[in-house]
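Note sheet for the following structure.
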Amino acid sequence: MDQLNNFPDRYKGQVAIITGGADGLGKAIASRLGAEGASIALFDRNTVLLEKTAQELTAQNIPVRTYTIDISQEDQVKTAVEQTIADFGKIDVVVHSAGVVGPTSTNITSYETADFEKVLAINLFGSFLMTKYVVAHMAERQYGRILLIASIAGKEGNPGMVGYSVSKAGVIGLVKAIAKEYATAGITVNGLAPAVIRTAMNADTAPEQLAYMTAKIPMGRLGETSEVAAMASFIVSPENSFSTGFIYDISGGRATY
Numbered sequence: 001m002d003q004l005n006n007f008p009d010r011y012k013g014q015v016a017i018i019t020g021g022a023d024g025l026g027k028a029i030a031s032r033l034g035a036e037g038a039s040i041a042l043f044d045r046n047t048v049l050l051e052k053t054a055q056e057l058t059a060q061n062i063p064v065r066t067y068t069i070d071i072s073q074e075d076q077v078k079t080a081v082e083q084t085i086a087d088f089g090k091i092d093v094v095v096h097s098a099g100v101v102g103p104t105s106t107n108i109t110s111y112e113t114a115d116f117e118k119v120l121a122i123n124l125f126g127s128f129l130m131t132k133y134v135v136a137h138m139a140e141r142q143y144g145r146i147l148l149i150a151s152i153a154g155k156e157g158n159p160g161m162v163g164y165s166v167s168k169a170g171v172i173g174l175v176k177a178i179a180k181e182y183a184t185a186g187i188t189v190n191g192l193a194p195a196v197i198r199t200a201m202n203a204d205t206a207p208e209q210l211a212y213m214t215a216k217i218p219m220g221r222l223g224e225t226s227e228v229a230a231m232a233s234f235i236v237s238p239e240n241s242f243s244t245g246f247i248y249d250i251s252g253g254r255a256t257y
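Mapped onto UniProt numbering, the consecutive letters of the sequence shown carry residue numbers 1 to 257.
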């Protein structure tokens, strides 16, 4: 899965913000877009891991800068986006992959309200903030590609994961609404709905929850971050110019609609 082909000049001269870029899907997507010519702005709240990832990308001759932020905090998002524009001169692409799972195998009656609020703050409010503060800049330039990472849980709902399921359903609604607002501005806004992908984020997922979700995948396995990166690289590319407001599937056959 790690030998998927790159297209070296696909993003030549472009600048991409990748949130959650220190690890997991974000890191894989940043590496892929960087290998295809993009300069990378990595957003994450884990400073230590962020710098480690930046060093790895730099070793691959990928231009990269890091920004330590909590994407649920509006002032931090606004400042980081403004600083990215100041540092790179523009923003062409945003892939928003920062997120948390929250409690799993937890019935709604046992799901703490504070946990529900936290998951929505990061997954949904963070998606709103990132989109809000980059789309105006893109509209001025009449070009932009925004990809929000949703989830199959947002389409179907995963029992025992009400916070995560609701937050990702909200992300899907956000994609569809904002895509229509900017459909004539040279900007595409799309979503990607993975099933379970092999990442550190799933390390704390209860084994029975993970088994339940994997059992629903017809291919019978977890997805790989390199597969998600390959699809994301197409979705936010210049050639994907007539697709907006769409939720792409990467679920091993779980979703076929």
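Just so you know, even glycine gets a beta-carbon here, dropped at the ideal spot from N, CA and C.
Cβ shell of residue i (< 6 Å), same chain only, five flanking positions each side left out
{"i": "A139", "result": "A185"}
{"i": "N123", "result": "G99, S167"}
{"i": "G34", "result": "I40, L57, I62"}
{"i": "S72", "result": "A121, I122, F125, G126"}
{"i": "S237", "result": "R10"}
{"i": "T79", "result": "none"}
Those residues which DSSP pairs with residue i across a bridge
{"i": "G223", "result": "I197"}
{"i": "D249", "result": "A193"}
{"i": "I187", "result": "G144"}
{"i": "T19", "result": "F43, H96"}
{"i": "T66", "result": "L42"}
{"i": "I149", "result": "L192"}
Cβ-based neighbour list, residue i, same chain, cut-off 7 Å, excluding 5 preceding and 5 following
{"i": "S165", "result": "A153, G154, G157, N158"}
{"i": "T106", "result": "G160"}
{"i": "F128", "result": "L174"}
{"i": "A255", "result": "I152, K155, A193, D249"}
{"i": "residue 258", "result": "The question about residue 258 has no answer, for the chain in this structure spans 1 to 257."}
{"i": "E208", "result": "S105"}
{"i": "F7", "result": "E36"}
{"i": "residue 261", "result": "The structure shown does not extend to residue 261, since the chain spans only 1 to 257, so no value can be given for it."}
Rounded Cβ spacing between residue i and residue j (contact assumed at less than 8 Å)
{"i": "A41", "j": "A16", "result": "7 Å"}
{"i": "Y133", "j": "V77", "result": "6 Å"}
Same chain, Cβ closer than 8 Å to residue i, five either side skipped, listed in chain order
{"i": "V196", "result": "N202, L210, M213, T214, I217, L222, G223"}
{"i": "Y143", "result": "D92, G186, I187"}
{"i": "A183", "result": "T244, G245"}
{"i": "residue 258", "result": "Because the chain is modelled from 1 through 257, residue 258 falls outside the range shown and cannot be assessed."}
Proximity test, Cβ basis, 7 Å: residue i and chain C
{"i": "K176", "result": "This model lacks chain C altogether; it includes just one protein chain."}
Could you say if the stretch 175 to 195 and the stretch 143 to 152 meet the contact criterion of at least three C-beta pairs nearer than 8 Å?
Contact between the stretch 175 to 195 and the stretch 143 to 152 is present, because at least three Cβ pairs lie under 8 Å.
Is the stretch 210 to 220 close to the stretch 13 to 26, with three or more CB pairs under 8 Å?
Because the criterion of three Cβ pairs below 8 Å is not met, the stretch 210 to 220 and the stretch 13 to 26 do not touch.
Three or more C-beta pairs closer than 8 Å, one from the stretch 84 to 100 and one from the stretch 63 to 73: is that the case here?
Yes, since at least three Cβ pairs between the stretch 84 to 100 and the stretch 63 to 73 fall closer than 8 Å, the two stretches touch.
Segments of 4+ residues assigned as alpha helix (DSSP H) that fall wholly inside the stretch 98 to 132:
Within the stretch 98 to 132, the complete alpha helix (DSSP H) runs of at least 4 residues are 113 to 120.
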